[in-house]
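Student:
There are 2 protein chains.
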Amino acid sequence: MTPRITLEDVSKAAGVSKSTASLVVRGSSRIPESTAAKVRDAMDQLGYVYNRSAANLRQSRSMTIGLVVTEIINPYFAELAMAVDEITHDAGYTIFIGYSRDLADRQHEIIASMIERQVDGLLLLPAPDTDPQKLAKQVNAAGVPLALLARRFPGFDYVGSNNVKGATLLGEHLAALGCRSVAFLGGRSASSLTEREEGLRKSLEPNGCEVWSSDELRSPITPEGGSDAVSRLFDLGRLPDAIIAYNDIVAQGIYDEMRRRGLEPGRDIAVASFDDTRIAAGQVPPLTSVAGFPQQVGAKGAEMLMTRLADGNADIPTQLALIQPQLKIRSSTATWRTRT
Amino acid sequence: MTPRITLEDVSKAAGVSKSTASLVVRGSSRIPESTAAKVRDAMDQLGYVYNRSAANLRQSRSMTIGLVVTEIINPYFAELAMAVDEITHDAGYTIFIGYSRDLADRQHEIIASMIERQVDGLLLLPAPDTDPQKLAKQVNAAGVPLALLARRFPGFDYVGSNNVKGATLLGEHLAALGCRSVAFLGGRSASSLTEREEGLRKSLEPNGCEVWSSDELRSPITPEGGSDAVSRLFDLGRLPDAIIAYNDIVAQGIYDEMRRRGLEPGRDIAVASFDDTRIAAGQVPPLTSVAGFPQQVGAKGAEMLMTRLADGNADIPTQLALIQPQLKIRSSTATWRTRT
DNA sequence: CTGAAAGCGCTTACAG
DNA sequence: CTGAAAGCGCTTACAG
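Chains as they are written, first to last, in my numbering: chain A, 710 to 1049; chain B, 710 to 1049.
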């Protein structure tokens, strides 16, 4: 390995001081073009590569942010991550990514390692069993601004879908179809779950439609989780008019398990879900789903964080933003008819 | 903001020297437990957070690697990225992610910013129009080891699917079905494309089956790209017995466009593709696809890079690894019957 | 086993 | 407009 070329080498070759060379690298206008050109030539000659980490140490900012999500096989998370990248990339940030796999311990470990690496800010889609106190302590101790995405805890900046609204739209749709009972399946305790349930109850119960949603109907956010939840539901002995999945991934398992038991989704039981990832429209029958617009969540969250970073994380109060959902009605509910 | 707590503060509080404190942070056994305990107490008291970037500057390694992929909406890329994370996380690395969107310029910009941030190594799924010389120059100047994933250029470490083999399996299957003509659609010039085409020709042409694959049948790796490619194919006036898509994403568009033109995939024309992401099995009819095992590609690529990093990037010759593919036969080809 | 000093590659006041 | 010096927070020889 050739020894590393430093700014000192460049400045010597160009016949100027280190400070002058430093100013040139950063494009300062205080340096006359003639001097700057000499420095740039020297950089090219020597094959200089800027060591931003060294600069960071001095400036105490890294132009780096951390993004922690559950995983990215779920297209909802993938689109959200890409949107974050889009915004932060344009702002000159490079992003550290970590996948918590919805394990709070792994999540904290990831955050710790990002903090050690001096991230300027953090965007987190929190694991359901996150301890908010612990999280607050961890980021506050380091003075790193944090915005939560998609799932919220009080006291943190947050951008997510307006789940109550989305669930209300869905509930009204099902009530209009004449549903008398709805089972809400899958997901783990998180604000998104609570909010969706709230919207469903609010829109269905006043219309005389029962909402079944108990702890035993929760599940991991996987197709298998959905299948298992349906099984537990059917083992209770009663079939609802409609099944609402926590999201599209869970719904896939619900379709599968229903068919294994000889029930056709959309005909025997209406089925709907949340997120409206590309999975939903691709199902057979196409799945009614509440679009959550992860691109908007990610983009808005990134902007919110950028704002805090720009303001030196001053006394901006906690920021909240809700993205408006949209109900996509497809045949998994539209073709269902109440049994007479 | 409270002023940052440094190792110096800790050492003073613990009544030892900075070097001793440093040794304790890194768990050196040279420090007696009694001293170490005092230091650790001081760290807790003061709320010390390790500044790994400062350490990096001194040690000239960052325990950071860069991963650059096209995007992650395609589950193939998502699974690959997660597999890389799995391996590198366990080895103590944190990963910078960048999405090239298959734009060579953006790719180089991303790599440059990662290099400035002192990544120890780079994993790249290269954009099709990458200039290999330029890439080599960029990473060699910085002395950063690089492994290519899924698409190769000569002279770089590489892990990818054995595309020739996979395409051969698929070609043999189609030949056995009695196909007399096959159109290969979608994708952009890349080793993966060339290799797939090679395998198809090798297995089909000797069996009297034509392979149509020209520049005008290429397309972006999107459903729209697939639709457009089918349109261009049909505009040529002849229908093949089978259409092979560059991958599952392209195949989605092929299904759509065929139906728009009144042709049923799997009945009127057999359809198959590559990658076998969860998209394939979820299609109607289920899509025959050559599984490329992105988890294995990602994991093996990460291991390869870790090896180079462990060996101080010594004179290990270029490393190559091919992952064995597997043909998943589904009804999009299995139910097709030659017209008599 | 522990401490004082130098140095990683930059930037930042401060002089001139 | 440009230079010499100090410092960001660590680690690394080197003494003792």
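By construction, the Cβ of each residue, glycine as well, lies at the ideal position given by its N, Cα and C atoms. Keep in mind it's a predicted model, so treat the numbers as computed, not measured.
Roughly how many whole angstroms lie between the Cα atoms of D1020 (chain A) and M823 (chain A)?
Tutor: Counting from one through the first sequence, the residue named residue 1020 (chain A) turns up at place 311. Counting from one through the first sequence, the residue named residue 823 (chain A) turns up at place 114. Whole-angstrom Cα-Cα distance: 21 Å.
Student: Can you give me the Cβ contacts of A790 (chain B) inside the same chain, cut-off strictly under 8 Å, excluding the 5 residues immediately before and after it?
Tutor: As a working note, residue 790 (chain B) is residue 81 in the second sequence. Cβ neighbours of A790 (chain B) beyond the five flanking positions: L776, V778, I781, I806, G1007.
Student: Does S762 (chain A) come within less than 8 Å of chain B when only Cβ atoms are used?
Tutor: As a first step, residue 762 (chain A) is located in the first sequence; it is residue number 53 there, counting from the start. Yes, S762 (chain A) lies at the interface with chain B (some Cβ there is under 8 Å from its Cβ).
Student: Which one or two residues does DSSP pair with Y867 (chain A) in a beta bridge?
Tutor: Here residue 867 (chain A) corresponds to residue number 158 of the first sequence, with the count starting at 1. BP columns for Y867 (chain A) point to A:L857, A:L1029.
Student: Can you give the Cα-Cα distance for S923 (chain B) and L1036 (chain B), rounded to whole angstroms?
Tutor: Within the second sequence, residue 923 (chain B) is the residue found at index 214, counting from 1. Within the second sequence, residue 1036 (chain B) is the residue found at index 327, counting from 1. For S923 (chain B) and L1036 (chain B), the distance between alpha carbons rounds to 24 Å.
Student: Step through the CB atoms of chain B and report whether any lies within less than 8 Å of the CB of Y785 (chain A).
Tutor: As a first step, residue 785 (chain A) must be located in the first sequence, where it is residue number 76. Closer than 8 Å: no.
Student: Return no unless some Cβ of chain A is closer than 8 Å to the Cβ of F1002 (chain B).
Tutor: Residue mapping note: residue 1002 (chain B) aligns to position 293 of the second sequence, counting from 1. No, no contact with chain A.
Student: In this structure, does DSSP put A954 (chain A) in helix, strand or coil?
Tutor: Sequence index remark: in the first sequence, residue 954 (chain A) carries index 245 (1-based). Note: A954 (chain A) maps to strand in three-state DSSP.
Student: Would you mind telling me which residues of chain B sit closer than 8 Å to Y759 (chain A), beta carbon to beta carbon, in chain order?
Tutor: By 1-based counting over the first sequence, the position of residue 759 (chain A) is 50. Per Cβ cutoff of 8 Å: E825.
Student: Do Y808 (chain A) and D985 (chain B) have their beta-carbon atoms positioned less than 8 Å apart in this structure?
Tutor: Here residue 985 (chain B) corresponds to residue number 276 of the second sequence, with the count starting at 1. Here residue 808 (chain A) corresponds to residue number 99 of the first sequence, with the count starting at 1. Not a contact, by the Cβ cut-off of 8 Å.
Student: Name the one or two DSSP bridge partners that L789 (chain A) has.
Tutor: Position 80 of the first sequence, counting from 1, holds the residue named residue 789 (chain A). According to DSSP, which records beta bridges pairwise, L789 (chain A) is partnered with nothing at all.
Student: Which of the three DSSP states, helix, strand or coil, is assigned to E780 (chain A)?
Tutor: Mapped onto the first sequence, residue 780 (chain A) falls at position 71. Coil, per DSSP.
Student: Check the Cβ-Cβ distances between Y964 (chain A) and every residue of chain B, and say whether any is below 8 Å.
Tutor: Residue 964 (chain A) sits at position 255 when you count from the first residue of the first sequence. With 8 Å as the cut-off, Y964 (chain A) does not count as an interface residue toward chain B.
Student: Could you run through the segment 723-757 of chain B and flag, in chain order, every residue whose CB is less than 8 Å away from some CB of chain A?
Tutor: From the segment 723-757 of chain B, only G756 have a Cβ closer than 8 Å to chain A.
Student: From S700 (chain A) to S737 (chain A), what does the alpha carbon distance come to, in whole angstroms?
Tutor: With chain A covering 710 to 1049 only, the question about residue 700 (chain A) has no answer from this structure.
Student: Does P974 (chain B) come out as helix, strand or coil in the three-state DSSP assignment?
Tutor: Here the question's residue 974 (chain B) lines up with position 265 in the second sequence. Three-state result, P974 (chain B): strand.
Student: Helix, strand or coil: which one does DSSP assign to I806 (chain A)?
Tutor: Within the first sequence, residue 806 (chain A) is the residue found at index 97, counting from 1. Three-state result, I806 (chain A): strand.
Student: Let me see if you follow: with CB-CB separation under 8 Å, is M710 (chain B) close to chain A or not?
Tutor: The residue labelled residue 710 (chain B) in the question sits at position 1 within the second sequence. Here M710 (chain B) scores only 48 on pLDDT, less than 50, and its place in the model should not be relied on; the value that follows carries that caveat. It does; some Cβ of chain A falls within 8 Å.
Student: Give the DSSP-derived three-state secondary structure of L948 (chain A) in the structure shown.
Tutor: Here residue 948 (chain A) refers to the residue found at position 239 when the first sequence is read from its first residue. Coil at L948 (chain A), not helix or strand.
Student: Could you please tell me which residues of the segment 844-857 of chain A, in chain order, have their CB closer than 8 Å to any CB of chain B?
Tutor: Residues A850, A851, G852.
Student: Between the segment 900-917 of chain A and the segment 940-947 of chain A, are three or more C-beta pairs nearer than 8 Å?
Tutor: Touching, no, given that fewer than three Cβ pairs across the two stretches are closer than 8 Å.
Student: Find the residues of chain A that neighbour G917 (chain B), judging by a C-beta separation of less than 7 Å, and give them in chain order.
Tutor: Translated into the one-based positions of the second sequence, residue 917 (chain B) becomes position 208. Here the premise fails: no neighbours, minimum Cβ distance about 36 Å.
Student: Taking all protein chains shown into account, decide if G971 (chain A) is buried (16 or more other Cβ within 10 angstroms of its Cβ) or exposed.
Tutor: If you number the first sequence from 1, residue 971 (chain A) lands on position 262. Exposed, by the Cβ-count rule.
Student: Spatial neighbours of S890 (chain B) within its chain, please: C-beta separation below 6 Å, excluding the five flanking residues on both sides.
Tutor: What you label residue 890 (chain B) is simply residue 181 of the second sequence in a count that begins at 1. Hits under 6 Å: E919, P949, D950.
Student: Using the three-state DSSP reduction, which class does I824 (chain A) fall into: helix, strand or coil?
Tutor: Your numbering for residue 824 (chain A) matches position 115 in the first sequence. I824 (chain A): helix per DSSP, three-state reduction.
Student: Below 8 Å on the Cβ atoms is my contact criterion, and I expect S982 (chain B) with V959 (chain B) to pass it. Report the Cβ-Cβ distance as a whole number of Å.
Tutor: What you label residue 982 (chain B) is simply residue 273 of the second sequence in a count that begins at 1. What you label residue 959 (chain B) is simply residue 250 of the second sequence in a count that begins at 1. Indeed they touch by this definition, with Cβ atoms about 7 Å apart.
Student: Which residues in the same chain as G934 (chain A) place their Cβ atom closer than 7 Å to its Cβ, once the five residues preceding and following it in sequence are excluded?
Tutor: In the first sequence, counting from the first residue as 1, residue 934 (chain A) sits at position 225. Excluding residues within five positions, the ones whose Cβ falls inside 7 Å are G895, S928, V959, G962.
Student: Is any beta-carbon of chain A found at less than 8 Å from that of T1016 (chain B)?
Tutor: Taking the second sequence and counting its residues from 1, one reaches residue 1016 (chain B) at position 307. For T1016 (chain B), the answer is no, since every Cβ of chain A falls outside 8 Å of its Cβ.
Student: Might you give, ordered along the chain, the residues of its own chain that have their beta carbon closer than 6 Å to the beta carbon of Y785 (chain B), omitting 5 neighbours on each side?
Tutor: Translated into the one-based positions of the second sequence, residue 785 (chain B) becomes position 76. Closer than 6 Å at the Cβ level, and outside the excluded window around Y785 (chain B), lie D984, T986, P1003.
Student: Should P932 (chain B) go down as buried or exposed, given a rule of 16 or more other Cβ atoms within 10 Å for buried?
Tutor: One-based indexing of the second sequence puts residue 932 (chain B) at position 223. P932 (chain B) is buried by the Cβ-count criterion.
Student: Give me whichever residues DSSP pairs with S928 (chain B) in a beta bridge.
Tutor: Here residue 928 (chain B) refers to the residue found at position 219 when the second sequence is read from its first residue. Per DSSP, B:G896.
Student: From L879 (chain B) to S936 (chain B), what does the alpha carbon distance come to, in whole angstroms?
Tutor: For the purposes of this step, residue 879 (chain B) is taken as the residue at position 170 of the second sequence. For the purposes of this step, residue 936 (chain B) is taken as the residue at position 227 of the second sequence. Roughly 22 Å between the two C-alpha positions.
Student: If you measure from the beta carbon of A790 (chain A) to each beta carbon in chain B, is any gap under 8 Å?
Tutor: What you label residue 790 (chain A) is simply residue 81 of the first sequence in a count that begins at 1. Yes - at least one Cβ of chain B is within 8 Å of the one on A790 (chain A).
Student: Just to confirm the assignment, what range does the beta strand (DSSP E) spanning S998 (chain B) have?
Tutor: The residue labelled residue 998 (chain B) in the question sits at position 289 within the second sequence. Looking at the DSSP string, the run of the beta strand (DSSP E) that includes S998 (chain B) is 997-1000.
Student: Exposed or buried, what is R861 (chain B) when buried is set at 16 or more other beta-carbons lying within 10 Å of its beta-carbon?
Tutor: On the second sequence, residue 861 (chain B) is found 152 positions in, with the first residue counted as 1. So R861 (chain B) ends up on the buried side.
Student: Please return the same chain residues whose Cβ sits closer than 6 Å to the Cβ of A792 (chain B), not counting the five positions on each side in sequence.
Tutor: As a working note, residue 792 (chain B) is residue 83 in the second sequence. If we look at A792 (chain B) and ignore the five residues flanking it on each side, its Cβ neighbours are Q1004, G1007, A1008.
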